Amino acid sequence: MLNGRDPRIDFFRGLALIFIFWDHVPHNPLGQITLRNFGFSDAAEVFVFLAGYACVLAYGKILQGEGYWMASLKILRRAWVLYVVHIFLLAMLMGIVFFANSKVETRDLVQEMGLTHFITNPQQALTDELLLRFKPNLMDPLPLYIVLLLGLPLVLPLLLRKPWAVVGVSLTVYLLAPRLGWNLAAIADGVWYFNPVTWQFLFILGGAAAVHASRPRVPDTRRLRQQPLFIGAATYSLLAAVITLSWRWPEIHDAVMPAVVSDWLYPISKTDLSPVRLLHFLALAYVTAKLLPGRAWTQNWLAQQSCRMGRYSLEVFCLGVLLAPLADMLNAQVNDAWPMQVFSALLGLALMAALAAWLEFNKNLDSARHACLATDK
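Going by full-length UniProt numbering, the residue at position 60 of the sequence shown is 60; the numbering climbs one at a time, nothing skipped.
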């Protein structure tokens with residue numbers, strides 16, 4: 001039987017939302033401490049993996065308790081909510097970007113945000129928006145999540161019973177997609193930046209991890225340095241960090257990196273979820289799970305703020321998307337001076353945390369009101 005909500009999932013999902021916001025603000029100094037600077041993967045992998053984990057945890061429990069059709073209905077209802085949110089979020093983002101662009105004279109934010117298609121061909125752009133073909137910068141994660149969620153009813157029952165069979169089929173599709181050019185169409189004869197045909201594998205792995213975590217297993221009592229898998233994962237994570245940091249000094253990187261390794265390693269595709277990106281995330285996730293095995297560490301005040309943002313990930317993500325161009329506008333007003341960059345990044349974080357706190361407060365009020373009504377009856 002699948003268990004309830006895991007605060008560790010909320011914590012890392014909240015942390016991923018913070019990293020996504022900071023990464024989306026150009027030249028932001030705090031963006032230098034996000035995951036993408038210390039390895040091949042970034043917050044996108046964290047978000048998709050945890051989405052798969054949380055979805056299987058939530059809807060698998062519904063399937064076990066209320067049946068397949070009720071679980072499928074609730075999955076489709078959630079996908080519809082995400083679709084409507086995506087449409088309204090895109091409309092709000094365009095309004096904010098047009099406003100911000102009117103205040104910035106040195107750059108064209110409309111072009112940088114990928115909104116030129118709407119300016120040049122608004123009627124076609126509206127149609128493409130409804131078909132999820134028009135996705136300006138910052139808007140890629142939600143359509144990916146919608147497509148992955150729509151496919152969940154097809155695999156959820158088998159994933160709960162035989163997760164390795166589903167993982168095997170998913171892996172086969174993941175490996176074939178780049179070779180056969182499988183992807184969804186986007187505007188101007190393009191394709192989706194996050195290819196759902198490959199990123200589905202990470203989503204499925206997250207779901208399989210949720211199933212695995214719910215089953216009894218014998219804990220490994222050996223010290224970490226005596227566990228070969230941990231040593232291998234930690235070594236790969238460290239090596240990826242060294243290579244990623246070396247990109248800041250191209251002359252050193254080119255001098256040290258063997259040509260045969262460079263030819264094998266590059267390019268590291270984010271669109272098709274390159275195997276080295278996938279392996280880096282899995283290694284990092286495994287190392288983190290081993291170093292933080294319990295849940296007690298999520299109870300301190302700072303961790304609780306991240307957990308709260310993770311519990312309201314959709315609302316916080318949407319706010320982060322809208323705040324990013326506004327923070328960029330503020331920074332541009334002072335020629336990207338670093339004090340303003342740090343201030344705008346921290347202000348955005350504070351607003352995201354405040355939104356999560358407000359949503360939690362309202363939820364608690366509703367719970368208290370319902371409890372009072374039930375007592376009165």
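Cβ coordinates follow ideal geometry from the N, Cα and C atoms, glycine included.
Treat the numbers as computed from the prediction; the structure is a model and nothing was measured.
Check the DSSP bridge columns for A185 and list the partner residues they point to. V191
Pair within 9 angstroms by beta-carbon distance, D336 and H86: no
For the alpha helix (DSSP H) containing M329, name the first residue and the last one. 313-333
Go ahead and pull the three-state DSSP assignment for K162. coil
Quick one, which of A125, A353, F361, L326 has its alpha-carbon nearest A103's? According to the sequence provided, residue 103 is Lys. The question's Ala does not apply to it. Among A125, A353, F361, L326, the Cα nearest to that of K103 is on L326.
Alpha helix (DSSP H) containing D10: first to last residue? 7-23
Taking only three categories from DSSP, how would you classify Q28? Checking the sequence, you will find Asn at residue 28 rather than Gln. N28: coil per DSSP, three-state reduction.
Check whether the region 215-235 touches the region 168-175, taking contact to mean three or more Cβ pairs, one atom from each stretch, closer than 8 angstroms. Taking 8 angstroms as the limit for Cβ pairs, the verdict is that the region 168-175 does not touch the region 215-235.
Proximity of R295 and E360 at Cβ, strictly below 9 angstroms: no
Exposure label - G95; buried when at least 16 CB within 10 Å: exposed
Round the Cβ separation of F19 and P141 to the nearest angstrom and send it over; I've been treating them as touching at under 8 angstroms. Contact flag wrong, Cβ pair sits at about 12 angstroms.
Report all residues from its chain with a CB closer than 7 angstroms to the CB of V167; omit the five preceding and five following residues, and keep chain order. I204, L205, A208
For the alpha helix (DSSP H) holding G206, just list the boundary residues, first then last. 196-213
Using 9 angstroms as the threshold, is the C-beta distance between L109 and V97 below it? It is a contact, given that the beta carbons lie within the stated cut-off.
When the Cα atoms are used, what is the spatial distance from F118 to L63? Cα to Cα, F118 sits roughly 42 angstroms from L63.
Are L202 and L319 touching if we call contact CB-CB under 9 angstroms? no
According to DSSP, is S170 part of a helix, a strand, or is it coil? helix
Count the C-beta pairs between the region 233-243 and the region 279-288 that are closer than 8 angstroms, then say yes if the count reaches three, no if not. yes
For L346, which option in W358, S367, A324 has the closest C-alpha, if you only look at C-alpha atoms? A324
Whole angstroms are fine: how far does the CA of T221 sit from the CA of F343? 45 angstroms
Taking 9 angstroms as the CB-CB cut-off, is T198 touching chain D? Going by chain labels, chain D is absent from the structure shown, which holds only one protein chain.
Could you please give the first and the last residue of the uninterrupted alpha helix (DSSP H) stretch that includes D254? 250-256
Spatially closest choice to D328 from F21, F11, A16, by CA coordinates: Residue F21 is the option with its Cα nearest to D328.
Is it buried or exposed, I33, if we count other Cβ atoms within 10 angstroms and call 16 or more buried? exposed
Rounding to the nearest angstrom, what Cα-Cα distance links D42 and L17 in this structure? 11 angstroms
Given P29 as reference, the closest of N362, D366, N331 once Cα atoms are compared: N331
Is it right to say A185 is buried, meaning 16 or more other beta carbons lie within 10 angstroms of its own, or is it exposed? A185 should be labelled exposed.
Is DSSP giving S274 helix, strand or coil here? Three-state DSSP puts S274 in coil, outside helix and strand.
Rounded to a whole number of angstroms, what is the C-alpha to C-alpha distance between G67 and N121? 46 angstroms
So, does the region 128-148 touch the region 351-367, judging by three or more C-beta pairs under 8 angstroms? With a cut-off of 8 angstroms, the region 351-367 and the region 128-148 do not count as touching, because too few Cβ pairs lie within range.
Give every residue of the same chain whose Cβ lies closer than 7 angstroms to the Cβ of A240, excluding the five residues on either side of it in the sequence, and list them in chain order. G39, F40, H280
How long is the line joining the alpha carbons of A255 and V261, rounded to whole angstroms? 12 angstroms
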